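**Student:** First the structure, which I've put down as structure tokens, then a few questions once you've had a look.
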Amino acid sequence: MAGHSKWKNIRIRKGKQDAIRGKTFTRLSREIIVAAKMGGGDASMNPRLRVAIEKAREASVPVDNIKRSIARGTGEIEGADYEEIVYEGYGPGGSAIILECYSENRNRTVAEVRHAFSKAGGSLAENGSVSWQFKHIGQITVDRGSLDEDEFTMLALDAGAEDVIVEEEGFTVVTSIVDLHKVNGALEAAGIKANEVGLTYVATNKTELAADDVPKLLKLLDALDDLDDVQETHMNVDLTEEMLQEV
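Residue numbers (the working numbering): 14 to 260.
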């Protein structure tokens, strides 16, 4: 689906489930904290928080951890005050990378990100240097199940979706940023539960890498994803299964 540009999905295909699993609780907790901070602690009135809580539950995050993260986000209890930060950079072969981070220490985070880029042959860029090659959108992914393709597509478009991408395993609904939760609400009202609901960056200007640049990019992506503050990684390169197998 459209979300396959996210490095976490590529890591799964590379057999890095254990590495991802070790950071899942931390990332989900930070998402809850930030969502509660931005939209309040009432999940019924805060769609982003509702989705974050659902993800945490599906990942078996303890209920007490979820409640504590909400309370930290709303300021009811003391804790790290996370903020969302977006960094842009260049990788091998002219690849463009956008990082979404949650950080309680901006200076530490930027230093770690810059070090990871430079160590792996990339470079941290100024804001705007890379983002013009991406579109910031809302994205909802839904398993196909027994859903009728035409009926689902019409439902999503009537609710305000910009596009519906149909693939064998399911659907990716593309929305504007402002219409994301309205469209998801319409799907929920129709009894359709999404796998993923959130904002993402989709490359509009793709780069094709030379064969010898692929392992260099993978090294950089690994280094970035190993940073605790990195939440999502997006790039303008399509890495195929064949390319990964050759590394």
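Just so you know, even glycine gets a beta-carbon here, dropped at the ideal spot from N, CA and C.
None of the values given here were measured: they were computed from a predicted structure.
Let's test the definition: count the other Cβ atoms within 10 Å of the Cβ of V191 and tell me whether it reaches 16, buried, or not, exposed.
**Tutor:** exposed
**Student:** Check the C-beta distance from A236 over to K132 and give it rounded, since I have them as a contact under 8 Å.
**Tutor:** A236 to K132, Cβ: 6 Å. Contact.
**Student:** In terms of residue numbering, what span does the alpha helix (DSSP H) encompassing V186 cover?
**Tutor:** Careful: V186 lies outside any alpha helix (DSSP H), inside the beta strand (DSSP E) at G183 to T188.
**Student:** Between the alpha carbons of K148 and T122, how many angstroms are there, rounded?
**Tutor:** 24 Å
**Student:** Could you tell me if N197 is buried or exposed, where buried requires 16 or more neighbouring beta carbons within 10 angstroms of its beta carbon?
**Tutor:** Under the 10 Å beta carbon count, N197 is surrounded by 16 or more other beta carbons and is classified as buried.
**Student:** Can we count M167 as close to the ligand SAH, meaning its CB is less than 7 Å from some heavy atom?
**Tutor:** This structure simply doesn't include the ligand SAH, nor any ligand for that matter.
**Student:** From the DSSP output, in three-state form, read off D192 for me.
**Tutor:** D192 carries a coil assignment under DSSP once its states are collapsed to helix, strand and coil.
**Student:** State the DSSP-derived secondary structure class of G53, mapped to helix, strand or coil.
**Tutor:** In the three-state scheme derived from DSSP, where H, G and I count as helix and E and B as strand, G53 is classed as coil.
**Student:** Going by DSSP, which residues form a beta bridge with F147?
**Tutor:** A216
**Student:** Taking the straight line between their C-alpha atoms, what separation do you get for A84 and R63?
**Tutor:** 14 Å
**Student:** Quick check on DSSP: helix, strand or coil for M58?
**Tutor:** coil
**Student:** Quick check on V250: does DSSP put it in helix, strand or coil?
**Tutor:** coil
**Student:** Classify H247: buried if its beta carbon has 16 or more other beta carbons within 10 angstroms, exposed otherwise.
**Tutor:** Burial call: buried.
**Student:** Mind checking which residues open and close the beta strand (DSSP E) that includes V99?
**Tutor:** E96 to Y103
**Student:** Just how far apart, CA to CA, sit R81 and K36?
**Tutor:** Taking the straight line joining both Cα atoms gives about 18 Å.
**Student:** Have a look at H128, L170, I153 and E101 and flag the residue whose alpha-carbon is nearest the alpha-carbon of L212.
**Tutor:** I153
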